Amino acid sequence: MAVDIVTFGCRLNTYESEVMKREADAAGLGTLENGAIIFNTCAVTSEAVRQARQAIRKARRDNPDARIIVTGCAAQTGADDFAAMDEVDLVLGNEEKLKSNSYRMLPDFGVNQFEKVRVNDIMEVRETASHMVDAIEGRARAFVQVQNGCDHRCTFCIIPYGRGNSRSVPMGGVVEQVKRLVGNGYNEVVLTGVDMTSYGPDLPGNLRLGKLVKTVLREVPDLQRLRLSSIDSIEADEDLMEALANENRLMPHLHLSLQSGDNMILKRMKRRHLREDSIEFCENVRRIRPDIVFGADIIAGFPTETDEMFENSIRIVEECGLTHLHVFPFSPREGTPAARMPQVNRQVVKARASRLRAAGDAAYRSHLESLVGTGQKILIEREGIGRTEGFTLVGVDGGTPGHITTRTIDGHDGDKLLARDSGNRRAA
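Throughout the sequence shown, residue numbering follows UniProt numbering, covering 1 to 428 in sequence.
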């Protein structure tokens with residue numbers, strides 16, 4: 001039976017799941033009579049952990065004799081909790097999950113919870129090797145890991161304790177991985193990491209993310225579209241800005257880790273930017289790349305947030321010109337400083353999140369309206385659905401997943417652009 005991998009969370013997890021599948025197959029998990037199910041979990045919110053536990057219980061009910069392995073950030077930060085679940089046979093850390101030896105010699109059924117755990121101290125990991133994959137199953141675009149871990153300690157975030165300190169994949173490994181994926185037919189590659197704009201200082205040669213981006217575009221001329229996942233704008237370097245200005249193959253879409261629009265809340269979050277920094281960055285990028293589209297993460301109801309502070313987050317949607325908004329109602333994570341701060345009433349948190357989403361929806365509808373009548377290059381994701389260079393969702397007629405087609409935008413339905421087959425489409 002094939003190894004079944006269930007992936008939660010970020011693009012980095014999606015990439016790592018491909019590595020895990022290969023390593024698990026090499027260890028012989030695919031030959032088990034009753035199969036194996038690996039859960040690659042996320043710990044970014046309490047809800048993400050709850051969903052993982054729920055999925056594990058359901059998997060055991062549906063597959064009573066399968067071997068169930070749990071890994072990922074939630075397993076790294078809460079190994080004992082998962083080991084205590086009767087449904088779980090093995091718990092692996094984020095470093096262990098990428099090694100075939102970790103999947104060999106599964107513990108016997110009925111062992112105690114301590115024998116189930118193979119999780120080492122992630123803070124002791126100092127390097128991130130390049131793990132080559134040939135494809136990202138079920139995806140029209142490919143993800144490539146360039147960095148892992150985070151050296152910062154935002155007061156709401158538990159991820160550094162799941163991923164360890166920041167470490168970069170050597171540039172040559174990134175380039176070779178992109179070449180391999182493009183050679184296998186991918187037209188779009190997304191560079192991803194935990195704190196991607198911290199790329200490079202741990203490598204020889206005083207490297208930064210902008211240098212990596214320029215090198216990938218130069219060394220892989222057949223790559224049609226290069227996209228960046230979430231970035232911390234305060235760390236954007238000069239080479240990255242030059243690439244945004246001059247490299248058309250670098251997609252005009254940036255997702256920003258803003259978190260709040262209020263300076264006092266940003267300080268209590270231990271963020272390294274002010275609201276003025278975010279506004280200035282967006283203005284500067286828009287000046288050099290007029291077609292840029294911004295997304296952002298914003299937390300509603302962070303501890304101590306007053307109505308006035310929240311209004312600053314509402315205003316920054318317009319002041320930064322945000323289009324794709326990811327709104328998170330604050331959820332305290334046990335073990336983080338923010339969990340010990342004075343909490344905002346839950347109903348207030350929900351109401352603020354609703355207002356932020358409404359502001360984001362209005363900005364998104366305005367963005368959709370601005371694109372009606374324009375020509376757009378669209379990457380087909382699946383039948384009937386694609387994305388523009390600015391990552392805007394498009395409904396299309398026809399098209400092959402993974403291919404790029406040029407269409408005229410006829411309208412929108414409030415959720416996505418609409419592009420009909422005009423008869424003069426071009427595909428790559």
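Note that the Cβ used here is the ideal one computed from N, Cα and C, for glycine as well. Every value quoted in this text rests on a predicted model; they were computed, and no experiment measured them.
Annotated three-state conformation of V119 is coil, per DSSP. In the three-state scheme derived from DSSP, where H, G and I count as helix and E and B as strand, L207 is classed as coil.
A direct Cα-Cα distance of roughly 19 Å separates I316 from T304. Taking one beta carbon from each stretch, the segment 143-154 and the segment 189-196 have 3 or more pairs nearer than 8 Å; the two touch.
The bridge partners DSSP lists for I298 are Q259, V327. A straight line joining the alpha-carbon of T336 with that of C154 spans about 9 Å. Inter-residue distance for Y199 and T306 is about 35 Å (C-alpha atoms, whole angstroms).
Counting only residues of its own chain and dropping the five nearest sequence neighbours on each side, S46 has a CB closer than 6 Å to the CB of S331. Two segments are said to touch when three or more pairs of C-beta atoms, one from each, lie closer than 8 Å; by this definition the segment 47-54 does not touch the segment 15-32. Secondary structure of R67 (DSSP, three-state): strand.
Taking a contact as a CB-CB distance under 8 Å, the pair T41 and C73 counts as one, their CB atoms being some 6 Å apart. The DSSP-derived three-state label of I409 is coil. The Cβ neighbour count for A84, taken over all protein chains shown within 10 Å, is under 16; the residue is labelled exposed. When DSSP states are grouped into helix, strand and coil, L223 belongs to the coil group.
For N34, the secondary structure class from DSSP, reduced to helix, strand or coil, is coil. The shortest C-alpha to C-alpha distance from H253 to any of R268, C282, G261, Q259 is the one to C282. Burial state of I298 is buried, judged by a 10 Å Cβ sphere holding 16 or more other Cβ atoms. Taking C-alpha positions only, Q224 is separated from E87 by approximately 45 Å.
According to the DSSP assignment, V396 belongs to no alpha helix (DSSP H) but to the beta strand (DSSP E) extending over 393-396. In the three-state scheme derived from DSSP, where H, G and I count as helix and E and B as strand, E188 is classed as strand.
Secondary structure note for I279: its alpha helix (DSSP H) is the uninterrupted segment 275-288.
Per DSSP, the beta bridge partners of V293 are H253. Contact check for I385 against P401 fails: the beta carbons are separated by 7 Å or more.
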